[in-house]
Amino acid sequence: MRTLSDLEDSQFHGKRVFVRVDFNVSINNGCIGEDYRIRMSLPTIEYLSKRGAKVILASHLGRPEGHDQKYSIAPVAKRLTDIVGRSRPPIRFASDCVGIEIEEHLDKMNKGDILLLENLRFHKEEETNDPEFSKKLASLADIYVNDAFSTSHRKHSSTYGAAWMFDIRLAGINLIKEVKYLSMIRENPIRPFTIVLGGVKIKDKIGALEHLLPNADKVIVGGAAAYTFLKAKGLNTGNSIIDHEHIQWVEKALLSYGDKILLPTDHVCASSPNDTSVTMVSGDIPDGMSGFDIGNETVERYSAEVGSNGGGALFWNGPMGMFEVKAFSNGTINIAKSMALAYWRGSKTLIGGGDTLEAMKRAGVAENEVSHVSTGGGATLRYLAGDEMPGLVILNHY
Ligand code: ADP
Ligand code: 3PG
Ligand code: MG
2 MRTLSDLEDS QFHGKRVFVR VDFNVSINNG CIGEDYRIRM SLPTIEYLSK
52 RGAKVILASH LGRPEGHDQK YSIAPVAKRL TDIVGRSRPP IRFASDCVGI
102 EIEEHLDKMN KGDILLLENL RFHKEEETND PEFSKKLASL ADIYVNDAFS
152 TSHRKHSSTY GAAWMFDIRL AGINLIKEVK YLSMIRENPI RPFTIVLGGV
202 KIKDKIGALE HLLPNADKVI VGGAAAYTFL KAKGLNTGNS IIDHEHIQWV
252 EKALLSYGDK ILLPTDHVCA SSPNDTSVTM VSGDIPDGMS GFDIGNETVE
302 RYSAEVGSNG GGALFWNGPM GMFEVKAFSN GTINIAKSMA LAYWRGSKTL
352 IGGGDTLEAM KRAGVAENEV SHVSTGGGAT LRYLAGDEMP GLVILNHY
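Have a look at this one:
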């Protein structure tokens, strides 16, 4: 992959650079929630702006059906202005991503200026990778940069079709960091390599697991995912969430890799998430009860395992329980803290998944207590599964 530093600084000077970023963040009543993805795009934006490029930022936001103002990316321009600092000219904002208005903005831009385009998905042609739409996007700039690792599994105009139309296609700084860490654990993990798997979406995680399991030394399973494993082993799981569709896959995984898969032995159970009387259950979970968190004995065992990884690599995806409810957050909080401990003790730690990042924050673990927090959800899992990523394919051909 060619990166920004493969070009001379002077090659950016006065040039228009189209940067595909992923500003798909949650916005409620105009207020941005977690802005990690925005902050992670700053090194690339600053790099280009400081070298006198005219920086054109393009992203999708949500999954709108055509032009729907609810999905306007305008609040991001404001947040970006705050983050880059008041000493710079404010981020310009264009109320569309193609068309005459953009030309006017481009004419007015000085070297180093930053322009954010409106939500790409206001045009349905973005997602259909329409050649005419791609041509319009490509006509905006001289150089293409992809810094949206988290959207690189999509074959859309801005990630694929338009990218091919540029002579110069470069990988952004955050994208390079993502690929560096994720390829390490995918291809050649530092040993011992421990996977911590939780959450609910077994279906989305199977591809990654299939690829990572042979190289893993330990796989620690918690969250709702654990109940499908326990069920496959013949335990009673009560009313806990089970992924019946993938139970056979889990059975096979247990047959091949059972010796390295760790499962919970006790659980924080209740009749429903709103039930205030929670019970600690060891072994089988009675009918009418569900497991919503790993139990104390399991927390201790898992925390010790994570904390003593000993200079290897750790990948964590998926909370250990329904951490949004305080009564079921203990397992997740302890695992997050143990991940930080492992980091301070010299392990390479990677965290992926929207809910996992949220859980890490709630546990009071800072971003700089983790080697790498992936910006990707689906993209990270697809990359780890070894799937083809159109947004990376375009960077590998030049
Ligand atoms: P990520 O976004 O990090 O990939 P997932 O989306 O797979 O994680 O799963 C996160 C969700 O899993 C959370 O909303 C959490 O409440 C839920 N969850 C975890 N454990 C349980 C459980 N035992 N029972 C029900 N829900 C659970
Ligand atoms: C994500 O949030 O995973 C990326 O921004 C991609 O969004 P999408 O799943 O709507 O394509
Ligand atoms: Mg999730």
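To convert, take the position in the sequence shown, counting from 1, and add 1; that gives the numbering used here. Every residue gets a Cβ at the ideal spot worked out from N, C-alpha and C, and that includes glycine. Quantities reported herein were computed from a predicted structural model and do not represent experimental measurements.
Just to check my reading of the structure: residue i and residue j have Cβ atoms closer than 8 Å, yes? What is that Cβ distance to the nearest angstrom?
| i | j | result |
| --- | --- | --- |
| isoleucine 191 | lysine 362 | Not quite, the Cβ-Cβ distance comes to about 26 Å (not below 8 Å), so this is no contact. |
| alanine 233 | valine 201 | Not quite, the Cβ-Cβ distance comes to about 16 Å (not below 8 Å), so this is no contact. |
| leucine 336 | serine 304 | Note that residue 336 is isoleucine in the sequence shown here, rather than leucine. The Cβ separation is near 7 Å, so the contact holds. |
| isoleucine 115 | isoleucine 46 | 6 Å |
| leucine 263 | valine 222 | 7 Å |
| glycine 353 | threonine 381 | 4 Å |
| isoleucine 395 | tyrosine 37 | No, isoleucine 395 and tyrosine 37 are not in contact; Cβ-Cβ is about 25 Å, not under 8 Å. |
| tyrosine 384 | leucine 183 | 5 Å |
| lysine 219 | threonine 238 | The pair is not a contact, with the Cβ atoms about 22 Å apart (cut-off 8 Å). |
| leucine 118 | alanine 59 | 5 Å |
| alanine 217 | alanine 386 | About 14 Å separates the two Cβ atoms, so there is no contact after all. |
| histidine 268 | isoleucine 243 | With 8 Å as the limit, histidine 268 and isoleucine 243 do not qualify as a contact, their Cβ atoms being about 14 Å apart. |
| tyrosine 48 | isoleucine 169 | Their Cβ separation, rounded to whole angstroms, is 15 Å, which puts tyrosine 48 and isoleucine 169 out of contact at 8 Å. |
Run through DSSP, which three-state label would residue i get?
| i | result |
| --- | --- |
| leucine 118 | strand |
| asparagine 386 | Per the sequence presented here, residue 386 reads as alanine, with asparagine not at that position. Coil. |
| arginine 93 | strand |
| histidine 245 | helix |
| leucine 210 | helix |
| isoleucine 191 | coil |
| leucine 8 | coil |
| leucine 198 | strand |
| tyrosine 145 | strand |
| alanine 364 | coil |
| lysine 261 | helix |
| valine 18 | strand |
| histidine 106 | helix |
| lysine 234 | coil |
| phenylalanine 316 | strand |
| glycine 353 | strand |
| phenylalanine 13 | coil |
| lysine 253 | helix |
| isoleucine 169 | strand |
| methionine 281 | strand |
| serine 73 | coil |
If we count the other Cβ atoms within 10 Å of its Cβ and call it buried at 16 or more, is residue i buried or exposed?
| i | result |
| --- | --- |
| asparagine 111 | exposed |
| cysteine 32 | exposed |
| asparagine 310 | buried |
| tryptophan 345 | exposed |
| alanine 367 | exposed |
| asparagine 397 | exposed |
| histidine 14 | exposed |
| methionine 402 | Outside the displayed span of the chain (2 to 399) sits residue 402, for which this structure offers no information. |
| glycine 392 | buried |
| glutamate 301 | exposed |
| proline 215 | exposed |
| serine 291 | buried |
| arginine 64 | exposed |
| tyrosine 399 | exposed |
| proline 265 | buried |
| lysine 181 | exposed |
| asparagine 25 | buried |
| threonine 277 | exposed |
| isoleucine 101 | exposed |
| lysine 204 | exposed |
| lysine 109 | exposed |
| serine 330 | buried |
| asparagine 30 | exposed |
| serine 339 | buried |
| asparagine 147 | buried |
Distance cutoff 9 Å, beta carbons only. Does residue i sit that close to anything in chain B?
| i | result |
| --- | --- |
| glutamine 249 | Here chain B cannot be found, since the structure has a single protein chain. |
Can you list, in chain order, every residue whose CB sits closer than 7 Å to a heavy atom of the ligand MG?
Each of Gly200, Lys202, Gly354, Gly355, Asp356, Gly378 has a C-beta closer than 7 Å to some heavy atom of the ligand MG; these make up the full list, in chain order.
Would the segment 318-328 count as touching the segment 175-193 if we require 3 or more Cβ pairs under 8 Å?
Cβ pair count under 8 Å is below three, so no.
Touch test, the segment 351-362 against the segment 113-133, Cβ-Cβ under 8 Å, three pairs minimum:
With contact defined as three or more Cβ pairs closer than 8 Å, the segment 351-362 and the segment 113-133 are not in contact.
Inter-stretch contact at 8 Å, needing at least 3 Cβ pairs: the segment 148-167 / the segment 82-97:
In short, these stretches do not touch, since the Cβ pair count stays below three.
Sufficient close CB pairs (3 or more, under 8 Å) joining the segment 63-78 to the segment 163-177:
No contact exists between the segment 63-78 and the segment 163-177.
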